[in-house]
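Colleague:
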Amino acid sequence: MSLWYIAWAYLWNRKITTSLTILSVALAVALISSVLSLREEVRRRFEEESQAFDLVVGPKGSPLQLVLSSVYFMDSATGWTPLEDYEKIKADTDFVKAAYPIALGDTYQGFRLVGTTRDFFDFTWLHPVTNEPTQPFVLQGGEYFDAPMEAVIGSVVARRQNLKVGDTFVSIHGSFDLGDMAEYSHEAHPYTVTGILEPSDSPFDRAIYVDLHSVWDTHSHEEDHADTEHHEDEHAEDEPAANPLDTGEIRAADEKISAVLVQLHSIGHRWQYEEWVNTNTNSMAAIPVQVVQKFFNQFLEPMKAVLLAVGYLVVVISALSILIGLYLSIIQRKRDLAIMRALGASAFEIVGAIIIEAFWVTALGIAGGWVLGQMVTYGLGQYMAREYGMVITPFGITMDEIRAFATVGIVGIVAGILPAWQAYDRDVAHDLADRN
Amino acid sequence: MVEVENCIRELGPGVRFHCEHFSAAAGDHVALWGPSGCGKSTLLNLVSGLLRPDSGKIVVHGTPLHELSEGKLDQFRGEHLGFVFQTFNLLSPFTALQNVMLGMRFSDTIPHSECKPRATALLERVGLGHRLHSKPKTMSVGEQQRVAIARALANKQKLILADEPTGSLDPKNAASVMNLLLELCDEEQLTMLMVTHDRVLAERLPTVFDCSGLVKEVAR
Numbered sequence: 002m003s004l005w006y007i008a009w010a011y012l013w014n015r016k017i018t019t020s021l022t023i024l025s026v027a028l029a030v031a032l033i034s035s036v037l038s039l040r041e042e043v044r045r046r047f048e049e050e051s052q053a054f055d056l057v058v059g060p061k062g063s064p065l066q067l068v069l070s071s072v073y074f075m076d077s078a079t080g081w082t083p084l085e086d087y088e089k090i091k092a093d094t095d096f097v098k099a100a101y102p103i104a105l106g107d108t109y110q111g112f113r114l115v116g117t118t119r120d121f122f123d124f125t126w127l128h129p130v131t132n133e134p135t136q137p138f139v140l141q142g143g144e145y146f147d148a149p150m151e152a153v154i155g156s157v158v159a160r161r162q163n164l165k166v167g168d169t170f171v172s173i174h175g176s177f178d179l180g181d182m183a184e185y186s187h188e189a190h191p192y193t194v195t196g197i198l199e200p201s202d203s204p205f206d207r208a209i210y211v212d213l214h215s216v217w218d219t220h221s222h223e224e225d226h227a228d229t230e231h232h233e234d235e236h237a238e239d240e241p242a243a244n245p246l247d248t249g250e251i252r253a254a255d256e257k258i259s260a261v262l263v264q265l266h267s268i269g270h271r272w273q274y275e276e277w278v279n280t281n282t283n284s285m286a287a288i289p290v291q292v293v294q295k296f297f298n299q300f301l302e303p304m305k306a307v308l309l310a311v312g313y314l315v316v317v318i319s320a321l322s323i324l325i326g327l328y329l330s331i332i333q334r335k336r337d338l339a340i341m342r343a344l345g346a347s348a349f350e351i352v353g354a355i356i357i358e359a360f361w362v363t364a365l366g367i368a369g370g371w372v373l374g375q376m377v378t379y380g381l382g383q384y385m386a387r388e389y390g391m392v393i394t395p396f397g398i399t400m401d402e403i404r405a406f407a408t409v410g411i412v413g414i415v416a417g418i419l420p421a422w423q424a425y426d427r428d429v430a431h432d433l434a435d436r437n
Numbered sequence: 044m045v046e047v048e049n050c051i052r053e054l055g056p057g058v059r060f061h062c063e064h065f066s067a068a069a070g071d072h073v074a075l076w077g078p079s080g081c082g083k084s085t086l087l088n089l090v091s092g093l094l095r096p097d098s099g100k101i102v103v104h105g106t107p108l109h110e111l112s113e114g115k116l117d118q119f120r121g122e123h124l125g126f127v128f129q130t131f132n133l134l135s136p137f138t139a140l141q142n143v144m145l146g147m148r149f150s151d152t153i154p155h156s157e158c159k160p161r162a163t164a165l166l167e168r169v170g171l172g173h174r175l176h177s178k179p180k181t182m183s184v185g186e187q188q189r190v191a192i193a194r195a196l197a198n199k200q201k202l203i204l205a206d207e208p209t210g211s212l213d214p215k216n217a218a219s220v221m222n223l224l225l226e227l228c229d230e231e232q233l234t235m236l237m238v239t240h241d242r243v244l245a246e247r248l249p250t251v252f253d254c255s256g257l258v259k260e261v262a263r
């Protein structure tokens, strides 16, 4: 009968107290585990996705907002950038492998409409993890758009809005929560779904892809709305423009786009080309992976630190509960300990058994907390996948988590030292004589 | 077997235990008798090494306990001394079998492979073969005392120290437990020191050591 078994038997003998103590450790560990897992997974996915494009070019302003809006479709577009800058970049075939213009601004039921050109669907990139060519715009049904007011929808949009090929929908200006939707909707310009994309487990799943001219057409009304004068009747009478896709011409009256997504021949040219764009065009270039890393370091790391601080505070409270639980149990079973001493157990064996009890509580708390943390991560991952098309993978363990668990383990075992000392320092003859 | 010489232990301010001489030969059964607070349990604790004397000599099995380190004393207790207390004898999380095996766990006297068969045999010997896997709270006080007696013999100890072993039992159980204890001591030729305040019970043993006056108030 080992000390491990003896310690376990005493814990099992007071199941409820032990369970509650384990639960408090588990909650602390779950908080730490989920914060670390989520942060690691979100960072990993953001960084992976950010490498799809070497550069994003858009209006001067916030590089972060530019990247979030044009790569992840998460934030408002930063404004407009001249179409000629796109043409200049696309023409620079020495450096540029591909350049795709996008125009943002409208949404349907919270899903962003991305005005672009037909060749955007041919986009292929080398995934940094699998190192294999990845094509995010594979059709699961229908066909790519071929004319203005046709739309290809991401898999999440199709599932959530129950849209099928041939269905029509009406977009609105701006984002979903701008207020009275009727005031901002383009009822005169419904889109028809021509294709539905395969899931790519990326933000691309949550967007609606339409021809650039469709966005320009509908945005030509935007200024009217800004003047708070509603000319929906006039819009309703607007005739759709002749199909510019037939001629490969993408210019329109506005000649503005939200951003250009750029693929270079070599990632080694990113910084050089960023500099070139910033110097030779009226737009601003940003390297998505760099912006994302900076975003994580500047904004999310302090947030992580705060959450971890809360987690470790809970760990300290849990350690106190381990200490109090063991301390009270030592007082309750002082006679048992005295009998063990009478049977020949050394004071060190008694100390060992108490510390092993602390170890069991901590170890089970860590294990339970990890499982709980992964479940929380899984739940939040489902939410992220649903809301942002970003699939994160729980059930992993990072070095940060291992370090955190080791810290929790040490704190838990240290919490057992005081009760163990209490057990070591007892007057055995007195405890044997005490009938209480 | 047991020799106590001029042993002094301060028990509190102005209260002193002083035993000039006590001895028991191998195989003796000695009742340490006296009224409550007279020092009989203190004498038992000193002989077991659970208390250390401030001065004097205690020799058990030829080993001077007063000279042993704490660790050696623990080892000595595990190998040579068997205890039977008045009540709360058993460790509640463990079964009867485990309680007896626990006595073997803290010393290396019995090889690991023999622990379980020996514990089983001892429990059968005390009439509890059918209660091997019972937890103490499901057993009567008499049954618990029998388990404690089996545990006291687990390491083939030669000295049994019993502190009011029948103090919590009804007369029938008390007689039964006492008979068992004496029977086993005779069978195994064990030495037994038994603390009791019951003169009738004390006189069932061949030798009665009167502990009256071992604890005295002394001028400070």
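Protein chains in written order, with our numbering: chain A, 2 to 437; chain B, 44 to 263.
Cβ coordinates follow ideal geometry from the N, Cα and C atoms, glycine included.
Using a C-beta to C-beta distance shorter than 9 Å, which residues of chain B count as neighbours of Ala348(A)?
Modeller: Position 347 of the first sequence, counting from 1, holds the residue named residue 348(A). Correct list: Glu113, Gly114, Asp117.
Colleague: Does any residue of chain B have a CB that is nearer than 8 Å to the CB of Val429(A)?
Modeller: As a working note, residue 429(A) is residue 428 in the first sequence. Interface residue, yes.
Colleague: So what's Tyr109(A) in DSSP terms, helix, strand or just coil?
Modeller: What you label residue 109(A) is simply residue 108 of the first sequence in a count that begins at 1. It is a strand residue.
Colleague: Is there at least one Cβ from chain B nearer than 8 Å to Trp5(A)'s Cβ?
Modeller: Translated into positions along the first sequence, residue 5(A) becomes position 4. With 8 Å as the cut-off, Trp5(A) does not count as an interface residue toward chain B.
Colleague: Between which residues of its own chain and Asn142(B) is the CB-CB distance below 7 Å, once the five residues before and five after are set aside?
Modeller: To locate residue 142(B), count along the second sequence from 1; it is residue 99. Correct list, in chain order: Leu133, Leu134, Val190, Arg194.
Colleague: Less than 7 Å separating the Cβ of Val220(B) from some heavy atom of the ligand ADP?
Modeller: This structure simply doesn't include the ligand ADP, nor any ligand for that matter.
Colleague: Pick helix, strand or coil for Cys254(B), following the three-state DSSP scheme.
Modeller: Residue mapping note: residue 254(B) aligns to position 211 of the second sequence, counting from 1. Correct three-state label for Cys254(B): coil.
Colleague: For the 8 Å Cβ check, are there 3 or more pairs between the region 121 to 128 of chain A and the region 137 to 156 of chain A?
Modeller: Yes, the region 121 to 128 of chain A is in contact with the region 137 to 156 of chain A.
Colleague: For Asp206(B), which beta-bridge partners are listed by DSSP?
Modeller: Translated into the one-based positions of the second sequence, residue 206(B) becomes position 163. Bridge partners of Asp206(B): Val238(B).
Colleague: Kindly say whether Gly80(B), judged by its beta-carbon, lies nearer than 8 Å to any beta-carbon of chain A.
Modeller: Working through the second sequence from its first residue, we reach residue 80(B) at position 37. Answer no: the Cβ-Cβ gap between Gly80(B) and chain A never drops below 8 Å.
Colleague: Would you report the Cα separation of Leu28(A) and Leu419(A), rounded to the nearest angstrom?
Modeller: Indexing the first sequence from 1 puts residue 28(A) at position 27. Indexing the first sequence from 1 puts residue 419(A) at position 418. Roughly 23 Å separates the two Cα atoms.
Colleague: Quick one: Cα of Gln273(A) to Cα of Leu265(A), how far?
Modeller: Locating residue 273(A) in the first sequence gives position 272, where the first residue counts as 1. Locating residue 265(A) in the first sequence gives position 264, where the first residue counts as 1. Distance between the alpha carbons of Gln273(A) and Leu265(A): 11 Å.
Colleague: Given Ile163(B), which residues of its chain have a CB within under 8 Å of its CB, disregarding the five upstream and five downstream residues?
Modeller: Walking along the second sequence from the start, residue 163(B) turns up at place 120. The displayed chain sequence assigns Thr, not Ile, to residue 163(B). Taken in chain order, the residues that qualify are Leu140, Gly172, Leu175.
Colleague: Throw me the rounded Cβ distance for the Ile173(A) and Thr108(A) pair, which I believe falls under 8 Å.
Modeller: Locating residue 173(A) in the first sequence gives position 172, where the first residue counts as 1. Locating residue 108(A) in the first sequence gives position 107, where the first residue counts as 1. Between Thr108(A) and Ile173(A) the Cβ distance is about 6 Å, and since that is below 8 Å, they are a contact.
Colleague: Report the rounded CA-to-CA distance for Leu276(B) versus Leu165(B), giving the unit in angstroms.
Modeller: Residue 276(B) lies beyond the range of chain B shown here (44 to 263); nothing can be said about it.
Colleague: Measure the CB-CB distance between Val362(A) and Ile23(A) and report whether it falls below 8 Å.
Modeller: For the purposes of this step, residue 362(A) is taken as residue 361 along the first sequence, with counting starting at 1. For the purposes of this step, residue 23(A) is taken as residue 22 along the first sequence, with counting starting at 1. Contact: yes.
Colleague: Hey, Leu381(A) and Leu39(A) are a contact pair by Cβ (cut 8 Å); roughly how many whole angstroms apart?
Modeller: Your numbering for residue 381(A) matches position 380 in the first sequence. Your numbering for residue 39(A) matches position 38 in the first sequence. That belief holds up - the Cβ atoms of Leu381(A) and Leu39(A) are roughly 6 Å apart, short of 8 Å.
Colleague: Within 8 Å of any Cβ in chain B, is that where the Cβ of Gly417(A) sits?
Modeller: Here residue 417(A) refers to the residue found at position 416 of the first sequence. Not closer than 8 Å to any Cβ of chain B, the Cβ of Gly417(A) fails to qualify, so no.
Colleague: Hey, quick one: how far does the beta strand (DSSP E) through Lys100(B) stretch, first residue to last?
Modeller: Residue 100(B) sits at position 57 when you count from the first residue of the second sequence. 98 to 103 is the extent of the beta strand (DSSP E) around Lys100(B).
Colleague: Evaluate Glu246(B) with the Cβ neighbour count: other Cβ atoms within 10 Å of its Cβ, from every protein chain shown; 16 or more gives buried, anything less gives exposed.
Modeller: Position 203 of the second sequence, counted from the first residue, corresponds to residue 246(B). The residue in question, Glu246(B), is exposed, as its Cβ has fewer than 16 Cβ neighbours within 10 Å.
Colleague: Who are the neighbours of Gly121(B) on chain A, taking C-beta pairs under 7 Å?
Modeller: The residue labelled residue 121(B) in the question sits at position 78 within the second sequence. What Gly121(B) touches in chain A: Leu344, Gly345.
Colleague: Which word fits Leu198(A), buried or exposed, when buried means at least 16 other C-beta atoms lie within 10 angstroms of its C-beta?
Modeller: Residue 198(A) sits at position 197 when you count from the first residue of the first sequence. Buried, by the Cβ-count rule.
Colleague: Quick one: what's got a C-beta closer than 6 Å to Leu116(B)'s C-beta in the same chain, skipping five residues either side?
Modeller: Taking the second sequence and counting its residues from 1, the one referred to as residue 116(B) is at position 73. Around Leu116(B): Gly92.
Colleague: Exposed or buried, what is Ile332(A) when buried is set at 16 or more other beta-carbons lying within 10 Å of its beta-carbon?
Modeller: Translated into positions along the first sequence, residue 332(A) becomes position 331. Under this definition Ile332(A) is an exposed residue.
Colleague: What's the call for Ile7(A), buried or exposed, on a 16-neighbour Cβ count within 10 Å?
Modeller: For the purposes of this step, residue 7(A) is identified with residue 6 of the first sequence, where counting begins at 1. Buried.
Colleague: Quick one, which of Phe205(A), Asp428(A), Gly413(A), Ala152(A) has its alpha-carbon nearest Val216(A)'s?
Modeller: For the purposes of this step, residue 216(A) is taken as residue 215 along the first sequence, with counting starting at 1. Selected option, being the one with the closest Cα: Ala152(A).
Colleague: Below 8 Å on the Cβ atoms is my guess for Met2(A) versus Arg161(B); work out the distance and round it to an integer in Å.
Modeller: Position 1 of the first sequence, counted from the first residue, corresponds to residue 2(A). Position 118 of the second sequence, counted from the first residue, corresponds to residue 161(B). Met2(A) to Arg161(B), Cβ: 14 Å. No contact.
Colleague: With which residues is Asp168(A) paired in a DSSP beta bridge?
Modeller: In the first sequence, residue 168(A) corresponds to position 167, counting from 1. Per DSSP, none; premise fails for Asp168(A).
Colleague: Considering only the beta carbon of each residue, do Val429(A) and Arg334(A) sit closer than 8 Å?
Modeller: In the first sequence, residue 429(A) corresponds to position 428, counting from 1. In the first sequence, residue 334(A) corresponds to position 333, counting from 1. No, these two residues do not count as a Cβ contact at 8 Å.
Colleague: Would you mind reading off the limits of the beta strand (DSSP E) that contains Met221(B)?
Modeller: Translated into the one-based positions of the second sequence, residue 221(B) becomes position 178. Premise fails: Met221(B) lies in the alpha helix (DSSP H), 214 to 231, not in any beta strand (DSSP E).
Colleague: Answer with buried or exposed for Lys89(A), where buried requires no fewer than 16 other C-beta atoms within 10 angstroms of its C-beta.
Modeller: In the first sequence, the residue the question calls residue 89(A) occupies position 88. Lys89(A) should be labelled buried.
Colleague: According to a CB-to-CB cut-off of less than 8 Å, which residues of the region 134 to 151 of chain B neighbour chain A?
Modeller: So the close ones are Leu134, Ser135, Pro136, Phe137, Gln141, Met144, Leu145, Gly146, Arg148, Phe149, Ser150.
Colleague: Any idea which residues DSSP pairs Thr104(A) with across the strands?
Modeller: Your numbering for residue 104(A) matches position 103 in the first sequence. The sequence given here has Ala at residue 104(A), not Thr. DSSP, once it has assigned bridges, lists Gly116(A) as partnering Ala104(A).
Colleague: Quick check on this structure: which residue in Tyr384(A), Ser259(A), Ile357(A) has the alpha carbon closest to the alpha carbon of Val58(A)?
Modeller: In the first sequence, residue 58(A) corresponds to position 57, counting from 1. Ranking the options by Cα distance to Val58(A), first place goes to Ser259(A).
Colleague: If you draw a straight line from the alpha carbon of Asn244(A) to that of Ala148(A), how long is it in whole angstroms?
Modeller: Residue numbering aside, residue 244(A) sits at position 243 when the first sequence is read from its first letter. Residue numbering aside, residue 148(A) sits at position 147 when the first sequence is read from its first letter. Residue placement at Asn244(A) is flagged as unreliable, the pLDDT there being 45, under the threshold of 50; the coordinate-derived value follows with that caveat. Approximately 6 Å, taken between the alpha carbons.
Colleague: On the DSSP bridge assignment, give the partners of Ser3(B) in chain order.
Modeller: Residue 3(B) lies beyond the range of chain B shown here (44 to 263); nothing can be said about it.
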